[in-house]
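In what follows, a single structure is set out as structure tokens and then discussed.
Following this line, the structure appears as structure tokens:
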């Protein structure tokens with residue numbers, strides 16, 4: 001090959017490589033990701049609480065691609081997440097950090113950094129402790145303390161302090177007290193074995209001027225969802241008109257209250273009604289008196305159908321097209337039912353006419369209760385009909401009047 005031919009071949013190869021390089025650059029565009037807007041929330045936190053770290057990730061390239069976001073805590077890899085973004089797409093990526101050690105900690109994602117401060121865990125002092133004097137007991141209320149799992153209730157008599165109970169509620173009813181003593185209360189918050197500062201002290205004693213002299217609960221045993229009626233008589237022991245709020249306390253929790261005005265040396269009756277859906281024994285307190293009732297699961301049973309009758313046995317109607325045909329008289333079905341069990345039964349009664357379910361009726365009968373049920377049906381066609389209720393059957397006919 002002569003020199004001229006070699007030069008021509010070299011030029012062709014150079015042109016080809018240049019063209020291929022341009023084609024590769026055009027058909028394989030680069031994907032570029034930018035990480036921005038690093039946020040740490042909260043920036044200061046108590047030991048043992050989670051922190052949320054968020055960054056914005058943007059694909060500023062011209063093609064979709066994936067990218068791995070790495071989070072470093074104190075220059076050590078803590079967590080990572082892979083994202084897949086379309087060209088031009090932006091998303092927020094979040095991480096949760098749980099750090100126990102006290103002090104400042106550096107957070108880094110890409111070229112972005114921020115500082116997280118972990119403080120010694122502590123419980124706040126219980127605030128807003130209030131005391132209400134009632135007949136036969138003292139009621140305490142206070143504000144919720146963040147992070148508290150429970151609360152300790154301290155009581156002092158004549159300067160001698162004693163832990164009397166622990167509760168998960170932000171209220172407490174002290175039933176073991178007398179109006180002849182004065183009591184001082186303080187509350188502290190608890191988490192694990194850590195106890196916060198005690199509340200400011202609150203002093204009080206039960207009411208001496210009000211007394212509950214009668215408490216009745218009916219029924220003492222009921223099924224879930226049934227009404228329970230509670231009646232109490234409240235007596236004003238002094239020669240002065242009193243305003244008093246009577247509380248219905250169920251298992252240590254106030255479920256209802258009523259405001260009463262009681263004249264001097266007078267007594268007044270107050271009533272409550274409640275329902276319970278959880279089977280168990282419940283304790284009721286109204287003032288200085290305590291009672292109880294039991295709630296049980298509904299017992300299974302079937303209402304007995306004793307008698308089935310229909311009237312009239314033959315229904316005579318005019319032929320179609322004659323006056324009165326559309327004014328067909330109803331038939332009446334009578335069903336006598338009873339509850340032979342020693343507990344209340346709720347059952348569904350079904351009435352079939354020619355094997356077609358025509359009527360359903362949900363019934364609740366107390367033990368020993370009997371009931372006569374009456375139903376009315378309009379029959380529009382001539383023929384014989386069979387009525388069935390449970391195992392009982394009866395028949396009637398619809399005939400054309402000639």
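In UniProt numbering, the protein residues as written are 1 to 402. Backbone N, C-alpha and C define an ideal beta-carbon position, used for all residues, glycine too.
Where does residue i land, buried or exposed, given buried means 16+ other C-beta within 10 angstroms?
i	result
residue 180	exposed
residue 59	buried
residue 157	exposed
residue 206	buried
residue 21	Bear in mind that a pLDDT of 38 at residue 21, under 50, signals an unreliable position, so the model cannot answer this.
residue 317	buried
residue 281	exposed
residue 278	exposed
residue 91	exposed
residue 135	buried
residue 256	exposed
residue 188	buried
residue 365	buried
residue 264	exposed
residue 243	exposed
residue 337	buried
residue 155	buried
residue 330	exposed
residue 186	buried
residue 37	exposed
residue 383	exposed
residue 227	exposed
residue 174	buried
residue 399	exposed
Please classify residue i: does DSSP put it in a helix, a strand, or coil?
i	result
residue 304	strand
residue 23	Reliability of the predicted coordinates at residue 23 is poor, the pLDDT of 34 falling under 50, and the value obtained from them is presented with this limitation in mind. Residue 23 falls in the helix class under three-state DSSP.
residue 35	strand
residue 391	coil
residue 383	strand
residue 278	coil
residue 185	strand
residue 30	Below a pLDDT of 50, predicted positions are generally treated as unreliable, and residue 30, at 46, falls in that range; the measurement from the model is reported next regardless. DSSP places residue 30 in coil when its eight states are reduced to three.
residue 60	coil
residue 171	strand
residue 47	coil
residue 151	strand
residue 343	coil
residue 209	coil
residue 370	strand
residue 65	strand
residue 273	strand
residue 354	coil
residue 52	strand
Report the residue from the options whose alpha carbon sits nearest the alpha carbon of residue i.
i	options	result
residue 199	216, 192, 206, 145	145
residue 283	249, 344, 37	249
residue 291	349, 39, 219, 360	219
residue 197	123, 139, 252	123
residue 361	238, 374, 370	374
residue 67	77, 86, 78	86
residue 213	56, 270, 385, 303	270
residue 47	100, 138, 363, 106	100
residue 42	77, 95, 33	95
residue 151	167, 159, 143, 141	167
residue 194	52, 161, 120	120
residue 178	371, 367, 287, 379	287
residue 51	107, 347, 32	107
residue 190	314, 363, 147, 140	147
residue 371	335, 353, 357, 272	335
residue 274	262, 260, 254, 261	254
residue 39	272, 387, 109	109
residue 354	45, 341, 381, 368	381
Say whether chain B places a C-beta atom closer than 9 angstroms to the C-beta of residue i.
i	result
residue 152	Absent from the structure is chain B; it holds one protein chain and no more.
For residue i, which beta-bridge partners are listed by DSSP?
i	result
residue 256	248
residue 377	331
residue 195	190
residue 144	Answer is none; residue 144 lacks a bridge partner.
residue 291	284
residue 267	235
residue 200	Beta-bridge pairing links residue 200 to no other residue.
residue 243	261
residue 462	Given that the chain is displayed from residue 1 to residue 402, the structure contains no residue 462 and the question cannot be resolved.
residue 72	77, 108
residue 314	397
residue 214	233
residue 156	161, 184
residue 223	296
residue 309	334
Which ranges would you report for the beta strand (DSSP E) in the stretch 77-137 if only whole runs of at least 3 residues count?
-> 90-98, 103-109, 112-119, 130-134
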